[in-house]
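A.B. asks: Numbering-wise (the working numbering), the sequence shown opens with residue 1 and increments by one.
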Amino acid sequence: MKKYTIGLALGGGGARGLAHIGVLKIFEEAGIIPDMLSGTSMGALIGSMFASGMKTNEIEKRCTDFLNSSIYKDLKFEHYSGEESENWLGKAIARLKQKALYYLSDLKIAFIEKSSVESIVSYFIPDIEFGKLKIPFACVAVDIAKGEEVIFKTGSLRQAVVSSMSIPGIMQPVKMDDKVLVDGGVLQMVPVTALRALGCEFAIAVDVSTKPDIMPYEKLTSAFEVSKRSSDIVYYKLDREQLANADYVLSPAVKSIKWFEIKRLKECALLGENETLKHINNIRIKSKKKQRASFVRRLFAK
Numbered sequence: 001m002k003k004y005t006i007g008l009a010l011g012g013g014g015a016r017g018l019a020h021i022g023v024l025k026i027f028e029e030a031g032i033i034p035d036m037l038s039g040t041s042m043g044a045l046i047g048s049m050f051a052s053g054m055k056t057n058e059i060e061k062r063c064t065d066f067l068n069s070s071i072y073k074d075l076k077f078e079h080y081s082g083e084e085s086e087n088w089l090g091k092a093i094a095r096l097k098q099k100a101l102y103y104l105s106d107l108k109i110a111f112i113e114k115s116s117v118e119s120i121v122s123y124f125i126p127d128i129e130f131g132k133l134k135i136p137f138a139c140v141a142v143d144i145a146k147g148e149e150v151i152f153k154t155g156s157l158r159q160a161v162v163s164s165m166s167i168p169g170i171m172q173p174v175k176m177d178d179k180v181l182v183d184g185g186v187l188q189m190v191p192v193t194a195l196r197a198l199g200c201e202f203a204i205a206v207d208v209s210t211k212p213d214i215m216p217y218e219k220l221t222s223a224f225e226v227s228k229r230s231s232d233i234v235y236y237k238l239d240r241e242q243l244a245n246a247d248y249v250l251s252p253a254v255k256s257i258k259w260f261e262i263k264r265l266k267e268c269a270l271l272g273e274n275e276t277l278k279h280i281n282n283i284r285i286k287s288k289k290k291q292r293a294s295f296v297r298r299l300f301a302k
């Protein structure tokens, strides 16, 4: 009989996505190794590392070492630390409010070159094909030429993760054949659809985004604020649609962490651990309940 499958959909959210390390650590300690994984943006990076066979302590060490690397220092993330926003497009707009970046935006398609993103991804994951992974994995990017999501399940792992992490307006889009690819969070902030595409039966979504706060009219003081707020709402609604397709949702308390605060690695990982510890037993119960129901359906379908 076909094996009942459990998987994790790891959402995007910049530094908040480091909480996935803690989530995976608790699953690891509980002896629940996902049958499959999907990821968007930071979720794609962490998910691909785990899928390649790395343990969570190795992933955390690699991330810690990265903070002392020349690659990280050359990125100068503090230059992009404008007003916080819920989604990548909103973040890009918020940063463009800074005068220097605003003027440069007329001259450049991105502030971080594709080669820099490739260096980041190469630091973390091996140069292998999806088929060589220990755990089936998918990641999501968006083709802005056609306005369509692209789910990667085959081909070059590094190229797929680079595409999934390319924040629009900040990082250079990735050209692939006739596609122009950017961060998958534009359409699938938490890639439950991608996880289902792998054949997952019990889908656990890990949402590291934050709900837009209520904003009175008085705070909408400029065209930028209105535009950013509008995009926040759209992305939040798209996120809710993905979560509705999950069997269980984990939401680490990462709201206070800004997208660029990579140095809060240990705090993020701990928040992921805390959230998962609260739910791991309930996840066992709910997944077994669905498994039994699935078995009965298959039995009577014969």
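All C-beta atoms in this analysis are idealised placements derived from N, C-alpha and C, irrespective of residue type, glycine included. Everything numeric in this text was worked out from a predicted model, so none of it was measured.
Could you have a look at residue 263 and say whether DSSP puts it in helix, strand or coil?
C.D. replies: helix
A.B. asks: Rank 202, 193, 255 by C-alpha distance to the C-alpha of residue 294 and give the top, closest one.
C.D. replies: 202
A.B. asks: Taking one C-beta from the stretch 229–245 and one from the stretch 270–287 each time, how about it: are there three or more such pairs within less than 8 Å?
C.D. replies: No, because fewer than three Cβ pairs between the stretch 229–245 and the stretch 270–287 fall closer than 8 Å, the two stretches do not touch.
A.B. asks: Considering only DSSP beta bridges, list what residue 40 is partnered with.
C.D. replies: Beta-bridge pairing links residue 40 to 140.
A.B. asks: Quick one, which of 69, 71, 40, 18 has its alpha-carbon nearest residue 56's?
C.D. replies: Nearest Cα to residue 56 within the set 69, 71, 40, 18: 18.
A.B. asks: Nearest to residue 157 by alpha carbon, out of 132, 146, 174?
C.D. replies: 132
A.B. asks: Decide if residue 258 is buried, meaning its Cβ has at least 16 other Cβ atoms within 10 Å, or exposed.
C.D. replies: buried
A.B. asks: Does the beta-carbon of residue 163 have 16 or more other beta-carbons within 10 angstroms, so that it is buried, or is it exposed?
C.D. replies: Answer is buried; the Cβ neighbour count reaches 16.
A.B. asks: If we ignore side chains and look at the alpha-carbon of each, how far apart do residue 50 and residue 37 end up?
C.D. replies: 9 Å
A.B. asks: Where does the unbroken beta strand (DSSP E) through residue 175 begin, and where does it stop?
C.D. replies: From DSSP, the beta strand (DSSP E) with residue 175 extends over 174–176.
A.B. asks: Are the beta-carbon atoms of residue 140 and residue 194 separated by less than 8 Å?
C.D. replies: yes
A.B. asks: To the nearest angstrom, how far is it from the Cα of residue 135 to the Cα of residue 206?
C.D. replies: 18 Å
A.B. asks: Should residue 16 be labelled buried (16 or more other beta-carbon atoms within 10 Å of its own) or exposed?
C.D. replies: buried
A.B. asks: Let me make sure I understand the geometry here. Which of 30, 282, 52, 165 has the alpha-carbon closest to that of residue 40?
C.D. replies: 165
A.B. asks: Under 8 Å by Cβ, that's how I've got residue 247 and residue 286 pegged, so tell me the actual separation to the nearest angstrom.
C.D. replies: Going by Cβ atoms, the distance from residue 247 to residue 286 rounds to 7 Å, so yes, they are a contact pair.
A.B. asks: Residues in its own chain within less than 6 Å of residue 148 by CB, not counting five upstream and five downstream?
C.D. replies: none
A.B. asks: According to DSSP, what are the bridge partners of residue 152?
C.D. replies: 139
A.B. asks: For the stretch 164–249, list the alpha helix (DSSP H) runs that are entirely contained and at least 4 residues long, ordered along the chain.
C.D. replies: 192–197, 223–244
A.B. asks: By alpha-carbon positions, which one of 176, 14, 188 ends up nearest to residue 242?
C.D. replies: Selected option, being the one with the closest Cα: 188.
A.B. asks: Reducing DSSP to helix, strand and coil, say where residue 112 ends up.
C.D. replies: strand
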